[in-house]
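What follows is a short report on a single structure.
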Amino acid sequence: PRPATTPGLADARSLLSRVWGHGDFRGLQSEVVAEVLAGRDVLAVLPTGGGKSVCYQIPAILRPGLGLVVSPLIALMTDQVEALKQQGVAAARLDSGVSLDERSAIWAAARSGALDLLYVSPEGLAAGAMMDRLAELPLSLIAIDEAHCVSQWGHDFRPDYRNLGLLAERFPHVPRIAVTATADARTRDDILRSLRLEGARVFVDSFARPNLQLSAERKESASRARTDARVIELVRERRGKSGVVYCGSRDGCERVAQALRDAGTDAIAYHAGMDTKERDRRLERFLAEDGAVMVATIAFGMGVDKADVRFVIHADPPGSLEAYWQEIGRGGRDGEPAEGITLYGPSDIAWTLRRLDGRPMAEEVKQVQVRKARQLFAMLDGAVCRAQAVRRYFGETDAAPCGVCDICGDPPQTYDATVPAQKALAAVQRLGGRFGRGRVIDHLTSRTKDVQPWEQQLSTWGIGADVSPNGWRDIIDHLLFEGLLVEDPNDGKPLVGLGDPEAVRAVYKAERKIEVRRLPVRASSSGRRDRS
Ligand code: ADP
Ligand code: ZN
């Protein structure tokens, strides 16, 4: 039976404090909740830790009928459902891990009106039979969590999400709310279209996370041992604090975790090569132990909610600014200061591109992913406030510098390297992708003994003698980070070729300026940075 009066924000607030123990809504939560309570469709883009779940949980409880939540990961569903049950909310989940008996019990509870929230996976819904059963029930709302997964323009596209547009047809009178932490303008439009949410109100909260202190460091070399050593050093400097170290591969993850344990840190490896039970055990340990460090691949992610993570270190950079923000955003969820430190190098770009190349996706989609990776690397190697760069990327054009990142704290000197960049691009073009980075520099500075006769005929032979080899290395690295040059892996000896033709043309015409950071001179035994 419908309540005599429709529930409003006051009811929502009292529920928030009674069941969740929170004094009041924060950010855009109250607006989103009011909209959903009123039965209208919503797309809410709230940053990680912004409290997206109560935006649909509270209206689902207050509105008559069953609230359906579509969620992409079993672990995420399990967490949320267990938390809700402990808070006394009638919640259940239907996923592949639920037995037949439990299933019938859940459907019986749903039919009798005893259930407030039912979590399902997108593939479960796509099976069809589930939609039919749901159609017989009064639904209070349909929530689609991690909605960016529906978009090929997002960074985590999942084909199973594509069918969710059907919900609009099957349940035309049920309000739907899509939530995500990461969606640029294009992804937002795509979500609205794909989920048939054309009439939805869109809420985009600020992406500012003032308690996060961001920094990025160029790796000194492509050597894994060096990177591992740097990670261990960074973690030891933060001894006793809880943190996450992201690695690009399972091997790397095991290796770094072992090295950290050898160095006396309580480090736990976590990746998709472990079965679910093992992963759950490790997650529980991480949540329970003070000062534990999780060393993980991206398998460790969505929905992980440990409030006191004090640092997130990327031993290998992620694939996009969206992923970067989401992963860094796992730090400081309690609002206290936390650090995000990213190590990156030219070999990481080559690796990222190679991995994308191996993925089964449409060429158009691949191009988008390549561009996203390049935007991330350009930010990492850039001289713009980290937080400002990310927030601009998400459409906050008026974001101010954060004041606490490595760039704000110690603004790097940059110089205009447009002319040297033109020379380097021209040389790579003339050389036709035959040479690797070091040999391109030899060509520019005419410092090689094994010069080829045809090479000497080129107009670019020796045109860069005014810049030191180290200077060239910085410029060429930067051109790689900006995607103006690309390294094609070739038997481990990468050859350098031209990148995005349009961007290259813009540099030739000096329409695009190239700013290169003057890197600090490091004391290094390798002689890599030996200039004074
Ligand atoms: P996300 O947006 O990342 O999914 P969650 O819904 O998991 O965020 O919420 C993140 C944390 O913030 C949770 O611990 C949640 O209980 C807490 N939270 C949510 N809303 C509020 C609020 N209004 N006041 C205080 N804490 C809140
Ligand atoms: Zn800053």
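Read in order, the letters of the sequence shown correspond to residues 8 to 539 in UniProt numbering.
Beta carbons: idealized from backbone N, C-alpha and C, even for Gly.
At least one heavy atom of the ligand ADP lies less than 7 Å from the C-beta of Lys59. Approximately 5 Å separates the beta-carbon atoms of Ile320 and Ile348; this is inside 8 Å, confirming the contact. Here Leu241 carries a helix assignment [DSSP, helix/strand/coil]. At a cut-off of 3 residues, the continuous stretches assigned as beta strand (DSSP E) that sit fully inside the stretch 314-350 are 316-321. Given a length threshold of 3 residues, each whole run of the beta strand (DSSP E) inside the stretch 18-76 is given here in chain order: 49-52.
Look at Met301 here: in three-state DSSP terms it is strand. By the Cβ test, the stretch 154-170 is in contact with the stretch 186-199, since at least three Cβ pairs between them sit closer than 8 Å. In this structure, Asp212 lies near Gly34, with their beta-carbon atoms less than 8 Å apart. Within the same chain, Cβ atoms closer than 7 Å to the Cβ of Gly443 are found at Lys500, Pro501, Leu502 and Val503, the five residues on either side in sequence being excluded. The criterion of a C-beta distance shorter than 8 Å is not satisfied by Val316 and Gly298.
Boundaries of the beta strand (DSSP E) around Leu146: Leu146 to Ile151. Taking 8 Å as the cut-off, the beta carbon of Ala276 is found no closer than this to the beta carbon of Ala266. Under DSSP, Val209 takes part in a beta bridge, and its partners are Leu50.
Annotated three-state conformation of Glu261 is helix, per DSSP.
Cα atoms of Tyr515 and Ala322: separation of roughly 35 Å, rounded to the nearest angstrom. Only residues of its own chain outside the window of five on either side were considered, and among them none has a CB closer than 6 Å to the CB of Ser228. Remark: the C-beta of Ala215 is outside contact range of the ligand ZN, defined as less than 7 Å to any heavy atom.
In the DSSP assignment, Asp413 falls within the unbroken alpha helix (DSSP H) covering Asp413 to Gly416. In the DSSP assignment, the residues bridged to Arg183 are Ile149. Annotated three-state conformation of Asp423 is strand, per DSSP.
Rounded to the nearest whole angstrom, the C-alpha separation of Arg292 and Glu285 is 11 Å. Relative to the ligand ZN, even the nearest heavy atom lies 7 Å or more away from the CB of Val397. Spatial neighbours of Val302 in its own chain (CB-CB distance under 6 Å, excluding positions within 5 residues in sequence) are listed in chain order as Val252, Cys260, Val263, Ala264, Ala274 and Ala276. Counting other Cβ atoms within 10 Å of its Cβ, Ser103 stays below 16 and is therefore classed as exposed. In the displayed model, Ala274 falls within a strand according to three-state DSSP.
Separation of His450 and Thr467 (C-alpha to C-alpha, rounded to the nearest whole angstrom) is 8 Å. DSSP places Gly445 inside the alpha helix (DSSP H), whose first and last residues are Arg444 to Thr452. Closest option to Gly15, judged by alpha-carbon separation, among Pro324, Ile68 and Asp123: Ile68.
With 16 or more other Cβ atoms inside 10 Å of its own Cβ, Arg183 counts as buried. The beta-carbon separation of Asp48 and Leu204, rounded to 5 Å, stays under the 8 Å limit for a contact. Secondary structure note for Val397: it is in no beta strand (DSSP E), and the uninterrupted alpha helix (DSSP H) holding it is Arg393 to Tyr400.
Comparing C-alpha distances from Ala223 to each of Ala116, Ala394 and Met368 shows the shortest one belongs to Ala394. Val377 has no beta-bridge partner at all, per DSSP. Per the DSSP secondary-structure output, Tyr126 pairs in a beta bridge with Val76 and Arg100.
Scanning its chain for C-beta atoms nearer than 8 Å, with the 5 sequence neighbours on each side dropped, one finds around Ala142 the residues Arg177 and Phe178, in chain order.
Contact between the stretch 470-489 and the stretch 413-422 is absent: fewer than three C-beta pairs spanning the two stretches fall below 8 Å.
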